[in-house]
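**Q**
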Amino acid sequence: MVGSSSSFPDIPNQEQEEALQMLHLLEQIDRITTTGSPEIFIHQTLSLVILFYRAQSGILLLLDPEKEHLVLQGMAGIPGLSAALDEMEFPLSGIAGLSLKRKQIVVINPVHCWNEWKPAVDDPLSLKPERTLVFPLFLRGEPVGVIQLFNHNLTPNSHLLLLGNRIAAEIEQMRQLQASLRRSQRLRALISIIGKISSVLDRDQILRLIINYGRELLDVESCSLFLTDPESGDYILKYASGSSPHDFEEIRVPAGKGIIGHVIQTGQTVLSPDVFKDKRHYNGVDLQTGFITRSILAVPLHLHALVLGGERGSVEEGVIGGMEAVNKRSGEFDEDDLDIFLTLANQAATVLQVARLYREANQLFIDTITALTEAIDARDPYTIGHSRRVSEFAVEIANEMNLSKEDIHQLRIASLLHDVGKIGVPDSILTKPERLTEEEYLVMKQHAAIGERILNSVHILQPMLAGLAEHHERPDGKGYPRGLSGDQISKSGLILAVADVFDALTSDRHYQQAIPVDEAIAILREGAGTKYDSAAISALERAYRAGKIKTEPERRIG
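If you read the sequence shown in this note's numbering, its first letter stands for residue 111, the second for the next number, and so on.
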């Protein structure tokens, strides 16, 4: 009996050998995790499992619990089919469903049993293997998916279930890492976008930037912004990514209709993955545009309005519109999409709020200036409304000459104030019906310089002073008060001179009757290049012929 031990060699038993082999496989899988890509990890892991079990080919399918089906995520050993079958969906039935339900390995062998169970994948792969096995992937006790091997040559054991759990954990970890990286990238992009938005002052340009960036960040087919019409209550489509304003000028959603209506009325966000199942969806916009809406993420535009009154005033909140992101290109809308879209919507609401405050402040500013200039014009009954008309003429001339919005704004103010210096001219001269004496004319000629001097201390008006001070200068240098010539005269001064003379010629004054427009333009043309700027005269005539300008007698008749 002493020597009998030599008949039992000291080698690992079969179970130990399989455990060591599985440990080696897991070590190889650990090295794959450094790739950082779930797609590469799935393919390489599947290839290792196929090699380990000496199989011909294999597939990995993950469970979509909401839709109760399996989605093909990777395959190996099946050449020429990967691109065609990527993300293909399959019913949760047959051996895959059985494997997940029982949490067990399922083996179908031999081939005559193939039709007994519906395979996880049948027609698309056209596979008729002699044998197949499926083992489930579980994570914290919850089903994740399955791996199916075809024509394997190694008998599976219980270690395969542990392998499935390990693969499921690695896939989940890599997906979370990828999601975290995507969130970081989107947040960095969002910060960059907000920086770009902050550098732009034009309201329309900012809002178009916001919806275009929204489409890019959320990876959707379209992004749009609706504002409520205060009169009808309808929701007007104001901006849409990839479109010009003329593409949707008449597009409205009736008050209370559509997902956008629900969002605006309730102030709540809506995430609708399938609008065909959503009773709130309004398809009128699709019918007008030919666009087909499938999914929508909609958020409200909250406005915090400042109401003046009392010592401090108050802030009133309201919803003035909403934004929609339409048709997610990949996957479905999630909470990250919602957070990003809400951030962009808050930016849009802030832009609208600032624009409203600026518009109200600017209107108050213009109204105050208009009241002041009309009070000055009213000193002479023949010049009532003169400054307002000159301002309107100058703006239309500037539009024809394609001046910038800022230059036009400054010209509008300068035109309204161009005669403010007449406050320093005595009434005896200002309203004298007879021809002025040389001394009186010298006093009258000082009004441009007086106006400049009066307004020079008002910081906000300083960019407008050139036009005001130079509207009696001439290209040939024979004007006043400084005798500037050519390029020494600002463009606003040249434009304002033409607008001023045109109104004087076409209005009734105590020293002359209004003359016809054609005659007035002819007089201006006679002085082109010497008294007046040729380009400004041409722009004036174009604006008049286009019906953008009306003279004082035409307004009276109208």
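Glycine residues also receive a C-beta, built at the ideal position from the N, C-alpha and C atoms.
Whose CA, out of 156, 246, 486, 428, lies closest to the CA of residue 530?
**A** One-based indexing of the sequence shown puts residue 530 at position 420. Closest by alpha carbon: 486.
**Q** Near residue 361, which residues of its chain fall below 8 Å by C-beta distance, leaving aside the five closest residues on each side in sequence?
**A** Residue numbering aside, residue 361 sits at position 251 when the sequence shown is read from its first letter. Same-chain partners within the cutoff: 346, 347, 395, 398, 399.
**Q** Is the CB-CB distance between residue 587 and residue 596 below 9 Å?
**A** Taking the sequence shown and counting its residues from 1, the one referred to as residue 587 is at position 477. Taking the sequence shown and counting its residues from 1, the one referred to as residue 596 is at position 486. Yes. Within cutoff.
**Q** Measure the C-alpha to C-alpha separation of residue 650 and residue 603 and round it to an integer number of angstroms.
**A** Counting from one through the sequence shown, the residue named residue 650 turns up at place 540. Counting from one through the sequence shown, the residue named residue 603 turns up at place 493. The straight-line gap from Cα to Cα measures roughly 14 Å.
**Q** With a Cβ-Cβ cutoff of 9 Å, do residue 613 and residue 661 count as a contact?
**A** For the purposes of this step, residue 613 is identified with residue 503 of the sequence shown, where counting begins at 1. For the purposes of this step, residue 661 is identified with residue 551 of the sequence shown, where counting begins at 1. Yes, Cβ-Cβ distance for residue 613 and residue 661 is below 9 Å.
**Q** How big is the Cα-Cα spacing for residue 654 and residue 627?
**A** Here residue 654 refers to the residue found at position 544 of the sequence shown. Here residue 627 refers to the residue found at position 517 of the sequence shown. Distance between the alpha carbons of residue 654 and residue 627 is about 9 Å.
**Q** Quick one: give me the first and last residue of the beta strand (DSSP E) that residue 199 is part of.
**A** Numbered from 1 along the sequence shown, position 89 holds the residue referred to as residue 199. 199–201 is the span of the beta strand (DSSP E), which, as asked, contains residue 199.
**Q** Would you say residue 255 and residue 319 are within 9 Å of each other, going by their C-beta atoms?
**A** Indexing the sequence shown from 1 puts residue 255 at position 145. Indexing the sequence shown from 1 puts residue 319 at position 209. In this structure, residue 319 does not lie closer than 9 Å to residue 255 by Cβ.
**Q** Any idea what DSSP makes of residue 539, helix, strand or coil?
**A** Looking up residue 539 in the sequence shown gives position 429. Residue state, collapsed to three classes: helix.
**Q** Is the segment 637–650 touching the segment 524–539 in the sense that three or more CB pairs, one from each, lie closer than 8 Å?
**A** The segment 524–539, when compared against the segment 637–650, does not touch it at the 8 Å Cβ threshold.
**Q** Beta-carbon within less than 6 Å of residue 156's beta-carbon, same chain only, minus the 5 sequence neighbours each way: which residues are those?
**A** Here the question's residue 156 lines up with position 46 in the sequence shown. Counting only Cβ-Cβ distances below 6 Å, and skipping sequence neighbours, we find 168, 170, 184, 186.
**Q** Answer yes or no: does any C-beta atom of chain D fall closer than 9 Å to that of residue 209?
**A** In the displayed structure, chain D is absent; only one protein chain is listed.
**Q** With a cut-off of 8 Å, do at least 3 Cβ pairs link the segment 322–334 to the segment 448–467?
**A** They touch, by the three-pair rule.
**Q** If you draw a straight line from the alpha carbon of residue 464 to that of residue 315, how long is it in whole angstroms?
**A** To locate residue 464, count along the sequence shown from 1; it is residue 354. To locate residue 315, count along the sequence shown from 1; it is residue 205. Taking the straight line joining both Cα atoms gives about 14 Å.
**Q** When the distance is taken between beta carbons, is residue 634 closer than 9 Å to residue 625?
**A** For this step, residue 625 is matched to residue 515 along the sequence shown. For this step, residue 634 is matched to residue 524 along the sequence shown. No, Cβ-Cβ distance for residue 625 and residue 634 is not below 9 Å.
**Q** Do residue 575 and residue 504 have their beta-carbon atoms positioned less than 9 Å apart in this structure?
**A** In the sequence shown, residue 504 corresponds to position 394, counting from 1. In the sequence shown, residue 575 corresponds to position 465, counting from 1. Against a cut-off of 9 Å, the Cβ pair of residue 575 and residue 504 comes out as no contact.
**Q** Nearest CA to the CA of residue 215: which residue from 403, 432, 247, 389?
**A** Taking the first residue of the sequence shown as position 1, residue 215 is located at position 105. Per the Cα distances, 247.
**Q** Among 384, 180, 509, whose alpha-carbon lies nearest the alpha-carbon of residue 253?
**A** Translated into the one-based positions of the sequence shown, residue 253 becomes position 143. Closest option to residue 253, Cα to Cα, is 180.
**Q** Can you tell me whether DSSP reads residue 219 as helix, strand or coil?
**A** Position 109 of the sequence shown, counted from the first residue, corresponds to residue 219. Correct three-state label for residue 219: coil.
**Q** Mapping DSSP to helix, strand and coil, what is residue 393?
**A** Taking the sequence shown and counting its residues from 1, the one referred to as residue 393 is at position 283. Residue 393 falls in the coil class under three-state DSSP.
**Q** Using the rule of at least 16 other Cβ atoms within 10 Å of the residue's Cβ for burial, across every protein chain shown, is residue 526 buried or exposed?
**A** In the sequence shown, the residue the question calls residue 526 occupies position 416. With 16 or more other Cβ atoms within 10 Å, it is buried.
**Q** The alpha helix (DSSP H) with residue 515 in it runs from where to where?
**A** In the sequence shown, the residue the question calls residue 515 occupies position 405. Start and end: 515–526.
**Q** Out of 285, 271, 280, 217, state which residue places its alpha-carbon closest to the alpha-carbon of residue 262.
**A** One-based indexing of the sequence shown puts residue 262 at position 152. The shortest Cα separation from residue 262 among 285, 271, 280, 217 belongs to 217.
**Q** Along the chain, where does the alpha helix (DSSP H) containing residue 483 start, and where does it finish?
**A** Taking the first residue of the sequence shown as 1, we reach residue 483 at position 373. It spans 445–487 - the alpha helix (DSSP H) in which residue 483 sits, taken as one unbroken run.
**Q** CA-CA distance, residue 430 and residue 413?
**A** Here the question's residue 430 lines up with position 320 in the sequence shown. Here the question's residue 413 lines up with position 303 in the sequence shown. Answer to the nearest angstrom: the Cα atoms are 6 Å apart.
**Q** Could you tell me if residue 286 is buried or exposed, where buried requires 16 or more neighbouring beta carbons within 10 angstroms of its beta carbon?
**A** Looking up residue 286 in the sequence shown gives position 176. Label assigned to residue 286: exposed.
**Q** For residue 350 and residue 652, I'd like the C-alpha separation in whole angstroms.
**A** Residue numbering aside, residue 350 sits at position 240 when the sequence shown is read from its first letter. Residue numbering aside, residue 652 sits at position 542 when the sequence shown is read from its first letter. Going from the Cα of residue 350 to the Cα of residue 652 covers about 33 Å.
**Q** State the Cα-Cα distance for the pair residue 402 and residue 337, rounded to the nearest angstrom.
**A** Working through the sequence shown from its first residue, we reach residue 402 at position 292. Working through the sequence shown from its first residue, we reach residue 337 at position 227. Taking the straight line from one Cα to the other gives about 22 Å.
**Q** How far does the beta strand (DSSP E) with residue 253 in it reach, from first residue to last?
**A** Translated into positions along the sequence shown, residue 253 becomes position 143. Per DSSP, residue 253 belongs to the beta strand (DSSP E) from 252–260.
**Q** For the beta strand (DSSP E) holding residue 181, just list the boundary residues, first then last.
**A** Translated into the one-based positions of the sequence shown, residue 181 becomes position 71. Start and end: 179–186.
**Q** When you compare the CB positions of residue 511 and residue 607, do they come within less than 9 Å of one another, or not?
**A** Counted from its first residue, the sequence shown places residue 511 at position 401. Counted from its first residue, the sequence shown places residue 607 at position 497. Cβ atoms of residue 511 and residue 607: not closer than 9 Å.
**Q** Below 9 Å between beta carbons: does that hold for residue 321 and residue 334?
**A** For the purposes of this step, residue 321 is identified with residue 211 of the sequence shown, where counting begins at 1. For the purposes of this step, residue 334 is identified with residue 224 of the sequence shown, where counting begins at 1. Yes, the pair counts as a contact, with Cβ atoms nearer than the cut-off.
**Q** For residue 550, collect the residues of the same chain with a Cβ closer than 6 Å to its Cβ; drop the 5 residues on either side in sequence, then sort them by chain order.
**A** Looking up residue 550 in the sequence shown gives position 440. Result list for residue 550: 539, in chain order.
**Q** Let's test the definition: count the other Cβ atoms within 10 Å of the Cβ of residue 445 and tell me whether it reaches 16, buried, or not, exposed.
**A** Position 335 of the sequence shown holds residue 445. Exposed, because fewer than 16 other Cβ atoms sit within 10 Å of the Cβ of residue 445.
**Q** What is the rounded straight-line gap between the Cα of residue 380 and the Cα of residue 433?
**A** On the sequence shown, position 270 is the one that residue 380 refers to. On the sequence shown, position 323 is the one that residue 433 refers to. So the two alpha carbons sit approximately 11 Å from each other.
**Q** Express the C-alpha separation of residue 513 and residue 557 in angstroms, rounding to a whole number.
**A** By 1-based counting over the sequence shown, the position of residue 557 is 447. By 1-based counting over the sequence shown, the position of residue 513 is 403. Rounded to whole angstroms, residue 557 to residue 513 spans 27 Å at the Cα level.
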